[in-house]
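A.B. asks: Position in the sequence shown (first residue = 1) + 21 = the numbering used here.
Just so it is clear, CB atoms sit at the ideal spot from N, CA and C, and this is done for glycine as well.
I'd like to ask you about the structure that follows.
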Amino acid sequence: MQNSFTQKYLRNKVVWLYIVSGGFVLGTTLLGLLVSSVTIPIPTILHIVLDNSLNLGWLADVPRNEEMIIWNIRLPRVLLAFCVGASLGLAGAAFQGLLRNPLADPYTIGVSSGAALGAVSVLFFQVTIVGLGSFTLPVVAIVSGFVTLLVVFGLVRLSSRSLAIETIILAGIIISAFIGAVTSLIISLGDRDAMTQIIYWLYGSVGMRGWSHVQLIIPFMLIGSFILLIHYRELNALALGENAADHIGVDVKKGKTYILIGASLLTGAAVAVSGSIGFVGLVIPHLVRLLTGPNHRHVLPLSILAGGSFLILADLVARTIIAPKELPIGVITALIGAPVFAILLIRERIGRGDRSD
Numbered sequence: 022m023q024n025s026f027t028q029k030y031l032r033n034k035v036v037w038l039y040i041v042s043g044g045f046v047l048g049t050t051l052l053g054l055l056v057s058s059v060t061i062p063i064p065t066i067l068h069i070v071l072d073n074s075l076n077l078g079w080l081a082d083v084p085r086n087e088e089m090i091i092w093n094i095r096l097p098r099v100l101l102a103f104c105v106g107a108s109l110g111l112a113g114a115a116f117q118g119l120l121r122n123p124l125a126d127p128y129t130i131g132v133s134s135g136a137a138l139g140a141v142s143v144l145f146f147q148v149t150i151v152g153l154g155s156f157t158l159p160v161v162a163i164v165s166g167f168v169t170l171l172v173v174f175g176l177v178r179l180s181s182r183s184l185a186i187e188t189i190i191l192a193g194i195i196i197s198a199f200i201g202a203v204t205s206l207i208i209s210l211g212d213r214d215a216m217t218q219i220i221y222w223l224y225g226s227v228g229m230r231g232w233s234h235v236q237l238i239i240p241f242m243l244i245g246s247f248i249l250l251i252h253y254r255e256l257n258a259l260a261l262g263e264n265a266a267d268h269i270g271v272d273v274k275k276g277k278t279y280i281l282i283g284a285s286l287l288t289g290a291a292v293a294v295s296g297s298i299g300f301v302g303l304v305i306p307h308l309v310r311l312l313t314g315p316n317h318r319h320v321l322p323l324s325i326l327a328g329g330s331f332l333i334l335a336d337l338v339a340r341t342i343i344a345p346k347e348l349p350i351g352v353i354t355a356l357i358g359a360p361v362f363a364i365l366l367i368r369e370r371i372g373r374g375d376r377s378d
């Protein structure tokens, strides 16, 4: 009887968490579209979005400048922020589950550093690949992230054929340190204008992007999300340890490979379109796990919703707190994420102390 009551309570709790998360996404999206230097009423915003989405031909009475502001500037920015935050949140949840470590995040295995190096190289050398045009930077960044993943796997294969978690972390740290040094070298060789542009990009931003960047990240986001969401059982099994997962019939090596590819794909695509944005993949999955428990069936999708809405809110703060100037969104996520994560760590440490007593 008690078990039935507990299961019903947990089910209702998860349902409410999905409802609250969905409401948070809608609320932050409306705020992102509403709050700016030019105030446009919510009915007009909905009118513009619905008409352009469904091609209804209702915009005869809407000023052209308001339509341009909402459809060409604010909406793609809000959607891009959601996609980047959702990708980083989901990738962080996957890495934390795979490595069984709440301190793990999408940058643990060096994919972010590789993508950043590719983007910095394009910015510094002003490279434009024939046929890609303005897509050169994001495409090179994604490819660089995948190359970094291959290098990490290569190092792991050379030292251990079992893809041990400790080896993956160590290889990621080695590659990240090396790539960080190369990136710093490239920045130091540039002139003042190039250094300013590159450093600002590395801080992370979703401003000055358009529908092309949204269209670029969405396919990679959908593929990476699909890979991770269908492997939630492997993440649940790996939480028990690799030996235990192997004993209950999970193909540990294959499962870890899929999870790493899916999470790295999400991270590389996010870095490609927004630069390096920290703490989203670190804090959001940890908060979600505190609310839902360890079951990745709910941790993964809720990390998508929470990560996306958090980054929309962070971007809103970044572009309004010192308006008309704009802060890099990575600064905001660090200012919010670092104290929150410190509080979580202290709380977890105190909790462990109480349990040991």
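Could you give the residue range of the alpha helix (DSSP H) that holds residue 72?
C.D. replies: 63-75
A.B. asks: Excluding five sequence neighbours on each side, which residues of the same chain lie with their C-beta closer than 6 Å to the C-beta of residue 107?
C.D. replies: 325, 328, 329
A.B. asks: From residue 23 to residue 240, what does the alpha carbon distance come to, in whole angstroms?
C.D. replies: Residue placement at residue 23 is flagged as unreliable, the pLDDT there being 49, under the threshold of 50; the coordinate-derived value follows with that caveat. Between the alpha carbons of residue 23 and residue 240 lies a gap of roughly 45 Å.
A.B. asks: Exposed or buried, residue 58, counting other C-beta atoms within 10 Å across all chains shown (16 or more means buried)?
C.D. replies: exposed
A.B. asks: Just reading off the alpha helix (DSSP H) that residue 128 is part of, what are its end residues?
C.D. replies: Careful: residue 128 lies outside any alpha helix (DSSP H) and carries neither H nor E.
A.B. asks: Where do the N-terminal and C-terminal ends of the alpha helix (DSSP H) with residue 223 fall, by residue?
C.D. replies: 213-224
A.B. asks: Using a Cβ-Cβ cutoff of less than 6 Å, which residues in the same chain neighbour residue 170 once the five nearest sequence positions on both sides are dropped?
C.D. replies: For residue 170, where only same-chain residues beyond five positions count, the Cβ hits under 6 Å are 132, 285.
A.B. asks: Indicate the three-state DSSP secondary structure (helix, strand or coil) for residue 121 in the structure shown.
C.D. replies: Reduced to three states, the DSSP call for residue 121 is coil.
A.B. asks: Just mark residue 54 as buried or exposed, buried being the case when its beta carbon has 16 or more other beta carbons within 10 Å.
C.D. replies: Buried is the label assigned to residue 54, since at least 16 other Cβ atoms lie within 10 Å of its Cβ.
A.B. asks: DSSP on residue 352, reduced to helix/strand/coil?
C.D. replies: helix
A.B. asks: For the region 192-203 and the region 126-144, state whether three or more C-beta atom pairs, one from each stretch, are separated by less than 8 Å.
C.D. replies: Counting C-beta pairs with one atom in each stretch, the region 192-203 and the region 126-144 have three or more that are closer than 8 Å, which means they touch.
A.B. asks: Apart from the five residues just before and just after residue 52, which ones in its own chain have a Cβ nearer than 8 Å to its Cβ?
C.D. replies: 333, 334, 337
A.B. asks: Should residue 294 and residue 101 be called a contact, given that it needs their Cβ atoms to be closer than 9 Å?
C.D. replies: yes
A.B. asks: If the criterion is Cβ atoms closer than 9 Å, does the pair residue 225 and residue 98 meet it?
C.D. replies: The answer is no: Cβ separation not under 9 Å.
A.B. asks: Please say whether residue 296 and residue 232 have beta carbons closer to each other than 9 Å?
C.D. replies: For the 9 Å CB-CB criterion, residue 232 and residue 296 do not form a contact.
A.B. asks: Assuming residue 87 contacts residue 65 (C-beta within less than 8 Å), just tell me the rounded distance between them.
C.D. replies: 6 Å
A.B. asks: Do you know how far the Cα of residue 367 is from the Cα of residue 290?
C.D. replies: Taking the straight line joining both Cα atoms gives about 33 Å.
A.B. asks: Using a Cβ-Cβ cutoff of less than 6 Å, which residues in the same chain neighbour residue 273 once the five nearest sequence positions on both sides are dropped?
C.D. replies: Result list for residue 273: 263, 266, 267, in chain order.
A.B. asks: Decide if residue 242 is buried, meaning its Cβ has at least 16 other Cβ atoms within 10 Å, or exposed.
C.D. replies: buried
A.B. asks: Tell me, to the nearest whole angstrom, how far the beta carbon of residue 249 is from that of residue 280; I am working on the premise that it is less than 8 Å.
C.D. replies: Yes, they are in contact, since the Cβ atoms of residue 249 and residue 280 sit about 7 Å apart, within 8 Å.
A.B. asks: If you follow the alpha helix (DSSP H) that residue 287 is in, where does it begin and where does it stop?
C.D. replies: 273-295
A.B. asks: Would you kindly check if the distance between the Cβ of residue 127 and the Cβ of residue 112 is under 9 Å?
C.D. replies: In this structure, residue 127 lies closer than 9 Å to residue 112 by Cβ.
A.B. asks: For residue 176 versus residue 195, is the C-beta distance shorter than 9 Å?
C.D. replies: yes
A.B. asks: If we ignore side chains and look at the alpha-carbon of each, how far apart do residue 316 and residue 245 end up?
C.D. replies: 19 Å
A.B. asks: CB-CB under 6 Å to residue 104, same chain, minus the five flanking residues each way: which ones, in chain order?
C.D. replies: Excluding residues up to 5 positions away in sequence, 238, 242 lie with their Cβ nearer than 6 Å to the Cβ of residue 104 in the same chain.
A.B. asks: The alpha helix (DSSP H) with residue 245 in it runs from where to where?
C.D. replies: 232-250
A.B. asks: Where residue 211 and residue 356 are concerned, what is the direct C-alpha to C-alpha distance, given to the nearest angstrom?
C.D. replies: 29 Å
A.B. asks: Judging by CA-CA distance, which residue of 116, 56, 125 is the nearest neighbour of residue 94?
C.D. replies: Of 116, 56, 125, the residue nearest in Cα terms is 56.
A.B. asks: Classify residue 387 as helix, strand or coil using the three-state DSSP reduction.
C.D. replies: This structure cannot settle anything about residue 387, because the visible part of the chain is limited to 22 through 378.
A.B. asks: Can you tell me the Cα-Cα spacing of residue 73 and residue 371, whole angstroms?
C.D. replies: 52 Å
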